[in-house]
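Numbering (the numbering used here), first residue to last: 995 to 1210.
Following this line, the structure appears as structure tokens:
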């Protein structure tokens, strides 16, 4: 995996407008997704890089569990915060990269069966919370098309994955994580302390009815 370091020089070398142009050609979401208040993240963050790891074999399960045409769907309550976070990063030459968004309940069950440890994988219940409600996202940042060095890859089930970890990280990696947290905080999107890439939108922890919504 290719990484770059976020430095002041890089930020100056990659000037960017605070606002991105509308993303062309984003198709409407399914009627079921629209009824559930879900929207394609590209309508909120037009320059988003969508790299849904669970639509590939590059994840802790080792197999795709999303269809290849899966979309990054988020609940409409996250829209203002994600737009604000993306706008905070653009002047630094940084772009949000989305690794996971809405996650169907049956996928959450499959994940917990593979790793039945709630430290790393949320235990599925009879309700939808967090990813299952489209109210959490797994994100990182890219600069000039390359992932910024955060110290670990996605779904690294190690102490280094903790949002505020210090031991084993360089000062630059710590700074990079802080840049992402601060941008998300400007949008009112809170970090999960156990994983530097996971962020919760408003009401992410509240139990809701399980969604029966296609991810594509």
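Even glycine gets a Cβ: it sits at the ideal position worked out from N, Cα and C.
Everything numeric in this text was worked out from a predicted model, so none of it was measured.
Backbone CA spacing between residue i and residue j [nearest angstrom]
i, j, result
"residue 1146", "residue 1162", "10 Å"
"residue 1033", "residue 1136", "23 Å"
"residue 1131", "residue 1125", "7 Å"
"residue 1205", "residue 1096", "10 Å"
"residue 1120", "residue 1107", "16 Å"
"residue 1202", "residue 1127", "7 Å"
"residue 1082", "residue 1175", "11 Å"
"residue 1072", "residue 1210", "19 Å"
"residue 1080", "residue 1149", "22 Å"
"residue 1197", "residue 1129", "7 Å"
"residue 1022", "residue 1165", "42 Å"
Residues near residue i in its chain [Cβ-Cβ closer than 8 Å; skip 5 each side]
i, result
"residue 1188", "1113, 1114, 1155, 1156 and 1157"
"residue 1199", "1123 and 1124"
Three-state secondary structure assigned by DSSP to residue i
i, result
"residue 1198", "coil"
"residue 997", "Low confidence applies here, because residue 997 scores a pLDDT of 45, under 50, leaving its location unreliable and the question unanswered by this model."
"residue 1127", "helix"
"residue 1108", "helix"
"residue 1136", "strand"
Nonlocal neighbours in the same chain, by C-beta distance under 7 Å from residue i, ignoring five residues either side
i, result
"residue 1059", "1048, 1101 and 1104"
"residue 1153", "1159"
Chain-order list of residues whose beta-carbon lies under 6 Å from that of residue i (same chain, five-residue window excluded)
i, result
"residue 1026", "1207"
"residue 1044", "1066 and 1092"
*Which runs of the beta strand (DSSP E), 3 residues or longer, sit entirely within the segment 1019-1103?*
1032-1034, 1067-1069 and 1088-1094
*Okay, do the segment 1021-1033 and the segment 1058-1078 touch, 3+ Cβ pairs below 8 Å being the bar?*
yes
*Please list the segments of the alpha helix (DSSP H) lying wholly inside the segment 1139-1191, counting only runs of 4 or more residues, in order along the chain.*
Complete alpha helix (DSSP H) runs here, min 4: 1165-1180.
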